[in-house]
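**Q** One structure, as structure tokens, below. Some questions next.
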Amino acid sequence: MTNLSIGNLLRRPEAGAFLGMLAVILFFLVFGGVNFLKPAGIASWLNVAANIGIIAIPVGLLMIAGELDISIGSMIPAGSMIVAILSGHYELPMWISILAVLGFGAIIGTINGLLVVRTAVPSLIVTLGTLFAVAGMVLGLSVLITGTTSVAIKAPALYKAIFGQFIGGTYQVLILWWVAVSVVSVFYVHYTKYGNWIFALGGDRESARNAGIPTTRVTITLFILSACSASFVGMCQAILFNSAQVSAGMSYIFNVIISVVVGGVVLTGGFGSVVGIVFGTITFAVVNQGIYFTGFDRNWSSLIIGVMLLAAVLMNNTFRHMALNYAPKKK
Amino acid sequence: MTNLSIGNLLRRPEAGAFLGMLAVILFFLVFGGVNFLKPAGIASWLNVAANIGIIAIPVGLLMIAGELDISIGSMIPAGSMIVAILSGHYELPMWISILAVLGFGAIIGTINGLLVVRTAVPSLIVTLGTLFAVAGMVLGLSVLITGTTSVAIKAPALYKAIFGQFIGGTYQVLILWWVAVSVVSVFYVHYTKYGNWIFALGGDRESARNAGIPTTRVTITLFILSACSASFVGMCQAILFNSAQVSAGMSYIFNVIISVVVGGVVLTGGFGSVVGIVFGTITFAVVNQGIYFTGFDRNWSSLIIGVMLLAAVLMNNTFRHMALNYAPKKK
Amino acid sequence: MTTPVLELRSVDKSFGPIDVLHKISLKVRAGEVLCLLGDNGAGKSTLIKTLAGVHKPTRGQILMDGKEVSFDRPRDAQDMGIATVHQFGGTFPLMSIGRSFFVGAEPTKGWGPFKIYDRKKANEIAVKAVQDFGITRVDDGDRLIGGLSGGERQSLAIARAVHFGARVLILDEPTAALGVKQAAHVLRIVKEAQRRGLAVIFITHQVMHAMAVGDHFAVLIRGAVAADFVKGQKSREEITDLMAGGETMADLEAQISSDLATADGHPSPATL
Amino acid sequence: MTTPVLELRSVDKSFGPIDVLHKISLKVRAGEVLCLLGDNGAGKSTLIKTLAGVHKPTRGQILMDGKEVSFDRPRDAQDMGIATVHQFGGTFPLMSIGRSFFVGAEPTKGWGPFKIYDRKKANEIAVKAVQDFGITRVDDGDRLIGGLSGGERQSLAIARAVHFGARVLILDEPTAALGVKQAAHVLRIVKEAQRRGLAVIFITHQVMHAMAVGDHFAVLIRGAVAADFVKGQKSREEITDLMAGGETMADLEAQISSDLATADGHPSPATL
Amino acid sequence: ADIAIIGGKSDDAFFAKIAKGITDATLVVEAHGGTVNYLQLQTYDNIGGDAANLVRTAMSQNVDIIAVPNWVPDTQDEAIKAAMNAGIAVILYNAGGGEKAAELGAINYIGNEEYPAGFAGGKYFAEHGAKHVICVNTVPGSGNIEDRCRGLADGMAEAGVTAEQLPLPASSFGDPTAVAEAIKATLLGDDTIDGVFAISSADADSAYTAMQQAGKLDSVQLGSFDMNVAGLERIRDSEQLFAIDQQPWLQGFLAVTLADGYVNYGLAMATSPLLTGPGIVDLTNIDATLAGGEQGYR
Ligand SMILES: Nc1ncnc2c1ncn2[C@@H]1O[C@H](COP(=O)(O)OP(=O)(O)OP(=O)(O)O)[C@@H](O)[C@H]1O
Ligand SMILES: Nc1ncnc2c1ncn2[C@@H]1O[C@H](COP(=O)(O)OP(=O)(O)OP(=O)(O)O)[C@@H](O)[C@H]1O
Ligand SMILES: [Mg+2]
Ligand SMILES: [Mg+2]
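Those sequence lines, one after another, are chains A, B, C, D and E. Per our numbering, the very first residue in the first sequence carries number 42; after that it's consecutive. Per our numbering, the very first residue in the second sequence carries number 42; after that it's consecutive. Per our numbering, the very first residue in the third sequence carries number 217; after that it's consecutive. Per our numbering, the very first residue in the fourth sequence carries number 217; after that it's consecutive. Per our numbering, the very first residue in the fifth sequence carries number 2; after that it's consecutive.
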């Protein structure tokens, strides 16, 4: 009955992700030296992790609920462009842009969710459709309105401080947002009934519906959250880098999904944890950026990333397996 | 008991894909004019379809069996580079290069398959690992061996005629390979027991194993086929275009998966057909290339592609739904 | 007293071209156990899914307390106090026992946006409810459902419905996967629910179980109500015949036993 | 004659830290029906999965015809003539009836690389086998499994095992989801298999079914063989008590019926 | 004249400027009763092969003339020759070079060349005191980017200083933070680096952030291929050394108008190739450039 036994810890979905993360950090400590864990070194992967992580959490929750969202790939440039066009080109107040960015996320999320719920077309395909459609719309409208595909924006100091600045000259303020999103998500997912609904949805949609869960509402809400998170990150990037581009962030799609799955979320739904996603995101960011602290030839970096990711997941998986088979030992 | 009733036709997995294909062809006939269906116009999408199609069939079969393979994205440049380095740089005979290309496919396929079968890590993640690893290896080795990342190759006429030439100046010889792969696959998948095994595997892996199907062998074979098909296409591209580049074909991953799913294969496995995949590939190629025949503003082309794909799948889906609910009417 | 809690008036249900239910009219009153009997594929599960809000009837009416109702979603039926154990599913392999038990109706503590899921309470209630079924192996509400045996899962699903069933309890073959002890417990629970004034709809293929708890029997044959009678009106043999889809069945045991007696040549097994 | 077809010698099976089977020793001879009884979670399914090649025993031996065998995969067991119907699964919702029936052992025609799957033959045999179970609704082998009722699917799985079972037939709760008619048919099939000289292992929670066909009974309690006896050595009450995990159970029906008799206040339902 | 012109991805900031030139030139073509069909690549994964396919697509549309960048000559020459054999005139622009145009028999070449452009950047860096420059390659393995970096290295080598490539993995492409952090880590890891060369305007934004983060705004100079407004503003504010300009608007505009004149009236330029770059944008010419940049022409 001890709640803190090793068994109970290992049983947690994030245990594997945590060990995978430790392993890659250790690897780069050995091969990359201690610079990697000095403040500037930490920032190098924490900044990357924060950008991915804010999107990875809602996408991970969607995956737990049994759905995929790849339209984030064009929601990021959409968010950038909206703020740049409204506040950069038309010079409207920032708060209007922010509302527009989130509002656009809500609209696309609702469309994704409604299509998935109403038509039974797999969410990969639905969001692929919106991925293309949003990319086309953003490009078409930017060219129509501004005549270019890259718009500069200078946000007022206050908004820059909140959305796009470097704290202490090194850490993106987005890291704080990421922490906030993580804490709120941990609370809602693991400590309220809504989390339970998400897990049930991914476990068995039919049974969840039969159990009285408003499956439609939960699904649509999750799609809105993921679309909004992506457009939010896009907005922050535009504010931080003072400029927005329409080109779609296809690599984000991969990076986010990798982070989520490395974080121990089961691709087919029903299992995972927010903390695991956070660990998975850090693991991915460390693997991706750690290479620059090592002496390895840069041409081989993809090879190292591939092998490290596999190793991290294998470790993760071993533990999940132990977790599922675990039960308190009888005397 | 008439085997040719409309009901029976609609029940076929490819019925929806066929209708989706018809719909997009009609759309582009109306908006793109008749050039689109003249011999040269047909070539413009048939060539694209053939390149995707040869890979889409084994990837689709894997999906039917419940697995994903995204390592194809780096297997294509790997195939190109192997033939370019061996026969272009080292000037070895072509048949050695061909064996090497297929052999490399077999090795990576086996690694993918073994990891998936032995470790229960989701295949998306395993093949993502090999995607990065192979991409890194190809880049690293090319730079190491040739000092550049783009190598020229002039294949002898015989090999060019077989693997990389334009028939009548317009049709890639790859189209014939695609037809051959399709016919052989239709035969094996729909008319032999092996096809049955693939469907069973995707329907319920555990039950399939219990039913005595050599699940491990089937899974590994399918991974080998998909890796080999990708490296084969890469090789043909190098021979056709006389040069090879290492940049990874991430977009191929998307395009192949879209084609397969538009072709009516269920993303979670157990349902689909080879003919459907062929229709799906054509649909995708038509949507992608048809835009060049229309007068639409190019800035909006992504939007049109997205909307068309969604429409094709929605149509497809409606019919699958009817198919699953269909049973001969009792009097 | 005599207004039925739940009533169906000539309900039809088709799936596309397949007609599964034809003009079903049935009533179930408070404190009454309605046994729904019928062959495989007769349409029993489809009927109760219609009552549980999973399907909408193609034609016909559903009345609760004499007033017409329409369930758009299972939630609607639940909110009116109808708890259902479906024939398949209902549990989530990768969820913990406590969470699975309370899914969709989680106990919470705290207030406002800080209402948190009460894991301790949920686990306690769930484990107790399952142990009441005689499944004493299960003592940790955090264990995952995936590791339970089929009967253990089934017991969990029934325990859940009993816990939430306010007015009507619908059980679709609840005893199918259960051991003798657990089945007896389910029957006892059904009777307890009846005594507490709930209306119970009970589906089973076991004559003995049906006769043990049923007050009122309805037999479906090919989607239509072929017989509707109360306890005592028909003999066990008649009921068995009806359950077999109206075909005349010799008494099962008798037949098999006599087969056995006349069969020769099978070796008398040695004791181990 | 007396060499058992299949024998287990002190077989243990653990899943990680969980010990599910302890020192199981059992024999089953040709022409004999071994009924495996036991409470939910006693380990029956785990035991037969070990025999079917799904799990490998942690310790102990499996012997066939007196010779030790080792099954690395279910296929190995099948190749030795052991056909199993598992408690769950076994059918493929999105496959046709004919294909699902023959999955892993497809009938072919033609030769060499052009051996093609004989769809017509497969459909005919499958439909006939299922219709023999009394499920006459199923008449098209191309229909998808997904549209069948639970009982229809179960019948299909049993029909499949009977069709392929050469020497040993293992049925894990085959009658659980079946209607009266179908269950009777399964029992008849078990007896027919026995008469043809097959060894049958039959798992059920229904005493009546067990007593109707069993020659030889083994009761598992918490993963160990608690009793092993032949037909006639124990009374029905004793068997029922054993099935309930060794707890003393009053006769089920009697108890419930008497409960019912003493219960008062429940309304006598009006006829409709 | 019915003109087909082939170009890069529609969301590529550089090609958006070419597209603007094409759109402007289309007015002229249409006034002459002709049409312009702009065929764009959808990805850069197989740039040579896809461009060759687009040439064939254009052939199938019975156009009079095709304007195409010859990105991968080994791959595209065959298709271009096939078009000419079918009686379609060809004009090269953006990539390929004057020699190639002459060899193939194309009417002219309009644009600049990757290698010399890189080379010019290398020389400019060296002249401004850079001794060790990194060429940040976010698309390793793509031939034209390799050429830029090679040119840069050779241009520096001529002055006796060095440049090397920093290839980033594909997972960083399109993620400005990941690109910035990679550059930052590299700057922190090697104090001898005093110049960063970005292959696109978006990467230059990231590179600037990286320098800022590494605290090396004073010791490291930034140069880039192409430019956007943010980049031009940096040059104005002396935060970026220079940008290499190819004048993409001119490339698109000239390619289409020349093609139109050639087909309709047999007009041809006496000068070949017509070079639109490389030009260097730095403090000396920033004001005019910035004005054009804000309207999407530079
Ligand atoms: N969604 C559906 N689509 C098409 N046909 C269906 C569907 N659901 C059920 N059916 C058909 O309706 C008939 C009745 O099915 P139902 O599951 O209600 O039977 P049941 O009486 O519960 O049988 P069992 O005792 O085997 O559980 C069956 O023939 C089945 O094939
Ligand atoms: N893969 C597994 N991992 C861990 N525990 C398992 C596993 N399979 C079964 N068990 C445990 O082993 C015990 C026996 O399970 P089994 O399925 O064999 O029971 P059973 O006798 O078939 O019960 P039922 O009559 O309910 O089908 C159960 O307590 C179950 O929780
Ligand atoms: Mg049923
Ligand atoms: Mg069992």
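Just so you know, even glycine gets a beta-carbon here, dropped at the ideal spot from N, CA and C. No experiment lies behind these values; they were computed from the predicted model shown.
Just checking: is the beta-carbon of D/LEU488 within a distance shorter than 8 Å of some beta-carbon in chain B?
**A** Position 272 of the fourth sequence holds residue 488 of chain D. Unreliable positioning characterises D/LEU488 in this predicted model, as indicated by a pLDDT of 31, which lies under 50. The coordinate reading is nonetheless provided below. Not closer than 8 Å to any Cβ of chain B, the Cβ of D/LEU488 fails to qualify, so no.
**Q** So A/GLN330 is in the alpha helix (DSSP H); what residue range does that whole segment cover?
**A** By one-based count along the first sequence, residue 330 of chain A stands at place 289. Note, A/GLN330: alpha helix (DSSP H), 315-331.
**Q** Give the residues from the segment 330-354 of chain B that approach chain A closer than 8 Å (Cβ to any Cβ), ordered along the chain.
**A** Of all residues in the segment 330-354 of chain B, those with a C-beta nearer than 8 Å to a C-beta of chain A are ASP338, ASN340, TRP341, SER342, SER343, LEU344, ILE345, ILE346, GLY347, VAL348, LEU350, LEU351 and VAL354, reading in chain order.
**Q** Roughly how many whole angstroms lie between the Cα atoms of E/ILE184 and E/THR139?
**A** Along the fifth sequence, one-based indexing puts residue 184 of chain E at 183. Along the fifth sequence, one-based indexing puts residue 139 of chain E at 138. Distance between the alpha carbons of E/ILE184 and E/THR139 is about 11 Å.
**Q** For B/PHE295 and B/MET116, what's the separation of their Cα atoms in angstroms?
**A** Indexing the second sequence from 1 puts residue 295 of chain B at position 254. Indexing the second sequence from 1 puts residue 116 of chain B at position 75. C-alpha separation (whole angstroms): 14 Å.
**Q** Tell whether a beta-carbon distance below 8 Å holds between D/LEU209 and D/MET280.
**A** No information on residue 209 of chain D is available, as it lies outside the stretch 217 to 488 that chain D covers here.
**Q** Specify the secondary structure class of E/GLN41 as computed by DSSP and reduced to three states.
**A** Looking up residue 41 of chain E in the fifth sequence gives position 40. Three-state result, E/GLN41: strand.
**Q** So E/VAL30 and E/THR36 are supposed to be a Cβ contact under 8 Å. How far apart are they, rounded?
**A** To locate residue 30 of chain E, count along the fifth sequence from 1; it is residue 29. To locate residue 36 of chain E, count along the fifth sequence from 1; it is residue 35. Rounded, the Cβ-Cβ distance is 7 Å, consistent with contact.
**Q** In chain D, what lies closer than 9 Å to B/ILE254 by C-beta?
**A** Sequence index remark: in the second sequence, residue 254 of chain B carries index 213 (1-based). Those within 9 Å of B/ILE254 in chain D are PRO290, ARG291, VAL319 and GLY320.
**Q** Inspect the CB distances between the segment 405-425 of chain D and the segment 231-250 of chain D and report whether three or more fall short of 8 Å.
**A** yes
**Q** Using three-state DSSP, classify E/HIS33 as helix, strand or coil.
**A** Along the fifth sequence, one-based indexing puts residue 33 of chain E at 32. DSSP places E/HIS33 in coil when its eight states are reduced to three.
**Q** Within 8 Å of any Cβ in chain B, is that where the Cβ of D/VAL270 sits?
**A** Residue 270 of chain D sits at position 54 when you count from the first residue of the fourth sequence. Judged by the 8 Å Cβ criterion, D/VAL270 is in contact with chain B.
**Q** With a threshold of 8 Å between beta-carbons, can E/ASN47 be considered close to chain A, or not?
**A** Counting from one through the fifth sequence, the residue named residue 47 of chain E turns up at place 46. Answer no: the Cβ-Cβ gap between E/ASN47 and chain A never drops below 8 Å.
**Q** Using beta-carbon positions only, say whether B/GLY74 and B/PHE334 come within less than 8 Å of one another.
**A** Against the second sequence, residue 74 of chain B aligns to sequence position 33. Against the second sequence, residue 334 of chain B aligns to sequence position 293. Yes, these two residues count as a Cβ contact at 8 Å.
**Q** Quick one: measure Cβ to Cβ for C/ILE489 and C/VAL423, integer angstroms, because I've assumed they're closer than 8 Å.
**A** Nothing about residue 489 of chain C can be read from this structure; chain C reaches only from 217 to 488.
**Q** Using three-state DSSP, classify D/GLU340 as helix, strand or coil.
**A** To locate residue 340 of chain D, count along the fourth sequence from 1; it is residue 124. It is helical.
**Q** With C-beta atoms as the reference, is A/THR168 less than 8 Å away from A/SER112?
**A** In the first sequence, residue 168 of chain A corresponds to position 127, counting from 1. In the first sequence, residue 112 of chain A corresponds to position 71, counting from 1. Yes, these two residues count as a Cβ contact at 8 Å.
**Q** Buried or exposed, going by whether 16 or more other CB atoms sit within 10 Å of the CB of C/LYS243?
**A** Locating residue 243 of chain C in the third sequence gives position 27, counting from the first residue. Buried: at least 16 other Cβ atoms inside 10 Å.
**Q** Given that E/PRO177 touches chain A, what residues does it touch there, using C-beta distances under 7 Å?
**A** Here the question's residue 177 of chain E lines up with position 176 in the fifth sequence. Within chain A, the residues near E/PRO177 are GLN278 and PHE282.
**Q** Quick check on the DSSP output: the alpha helix (DSSP H) that includes E/ASN265 runs from which residue to which?
**A** As a first step, residue 265 of chain E is located in the fifth sequence; it is residue number 264 there, counting from the start. Segment 249-266, the alpha helix (DSSP H) holding E/ASN265.
**Q** Name the DSSP beta bridge partners of C/PHE433, please?
**A** Counting from one through the third sequence, the residue named residue 433 of chain C turns up at place 217. BP columns for C/PHE433 point to C/CYS251 and C/PHE445.
**Q** Examine ligand 3 and report whether any of its heavy atoms sits within less than 7 Å of the Cβ of D/LYS397.
**A** Translated into the one-based positions of the fourth sequence, residue 397 of chain D becomes position 181. Outside the cutoff, so no.
**Q** Determine whether the Cβ of B/SER248 lies closer than 8 Å to any Cβ atom of chain D.
**A** Here residue 248 of chain B refers to the residue found at position 207 of the second sequence. Chain D, which has a Cβ nearer than 8 Å to the Cβ of B/SER248, makes this yes.
**Q** Could you confirm whether any beta carbon from chain B is found closer than 8 Å to the beta carbon of D/PRO273?
**A** Translated into the one-based positions of the fourth sequence, residue 273 of chain D becomes position 57. Chain B, which has no Cβ nearer than 8 Å to the Cβ of D/PRO273, makes this no.
**Q** Near A/TYR235, which residues of its chain fall below 6 Å by C-beta distance, leaving aside the five closest residues on each side in sequence?
**A** The residue you call residue 235 of chain A lines up with position 194 of the first sequence. Contacts found: TYR229.
**Q** Below 7 Å, is the gap between the Cβ of D/LYS272 and the nearest heavy atom of ligand 4?
**A** Translated into positions along the fourth sequence, residue 272 of chain D becomes position 56. Not one heavy atom of ligand 4 falls within 7 Å of the beta-carbon of D/LYS272.
**Q** Give the list of continuous alpha helix (DSSP H) stretches no shorter than 4 residues that lie fully inside the segment 119-197 of chain E.
**A** 144-159 and 177-190
**Q** Which ranges would you report for the beta strand (DSSP E) in the segment 49-113 of chain E if only whole runs of at least 3 residues count?
**A** 66-69, 90-94 and 110-112
**Q** Where does D/SER371 fall in DSSP's three states?
**A** The count along the fourth sequence starts at 1 and reaches residue 371 of chain D at position 155. In the three-state DSSP reduction, D/SER371 falls in the helix class (H, G or I).
**Q** Between the segment 171-186 of chain A and chain B, which residues of the former have CB atoms less than 8 Å from a CB of the latter, in chain order?
**A** THR171, LEU172, PHE173, ALA174, VAL175, ALA176, GLY177, MET178, LEU180, GLY181, VAL184 and LEU185
**Q** Applying a beta-carbon distance threshold of less than 7 Å, which residues of chain A neighbour C/HIS432?
**A** Stepping through the third sequence from its first residue, residue 432 of chain C is reached at position 216. Within 7 Å Cβ-Cβ: nothing; C/HIS432 doesn't reach chain A, min ~25 Å.
**Q** Does any CB atom of chain D fall closer than 8 Å to the CB of C/MET311?
**A** Residue numbering aside, residue 311 of chain C sits at position 95 when the third sequence is read from its first letter. So, not an interface residue.
**Q** Kindly provide the ranges of any alpha helix (DSSP H) runs that are 4 or more residues long and lie completely inside the segment 74-146 of chain A, ordered along the chain.
**A** 80-105 and 113-124
**Q** Report yes if the CB atom of E/ASP246 is closer than 8 Å to the CB atom of E/ILE281, and no otherwise.
**A** The residue labelled residue 246 of chain E in the question sits at position 245 within the fifth sequence. The residue labelled residue 281 of chain E in the question sits at position 280 within the fifth sequence. It is a contact, given that the beta carbons lie within the stated cut-off.
**Q** Cα-Cα, which of C/ILE361, C/LYS331, C/TRP327 and C/ASP292 is closest to C/SER316?
**A** As a first step, residue 316 of chain C is located in the third sequence; it is residue number 100 there, counting from the start. Checking every option, the nearest Cα to that of C/SER316 belongs to C/ILE361.
**Q** At least one CB of chain A closer than 8 Å to the CB of E/VAL140: is that the case?
**A** Within the fifth sequence, residue 140 of chain E is the residue found at index 139, counting from 1. No, because no Cβ of chain A sits closer than 8 Å to the Cβ of E/VAL140.
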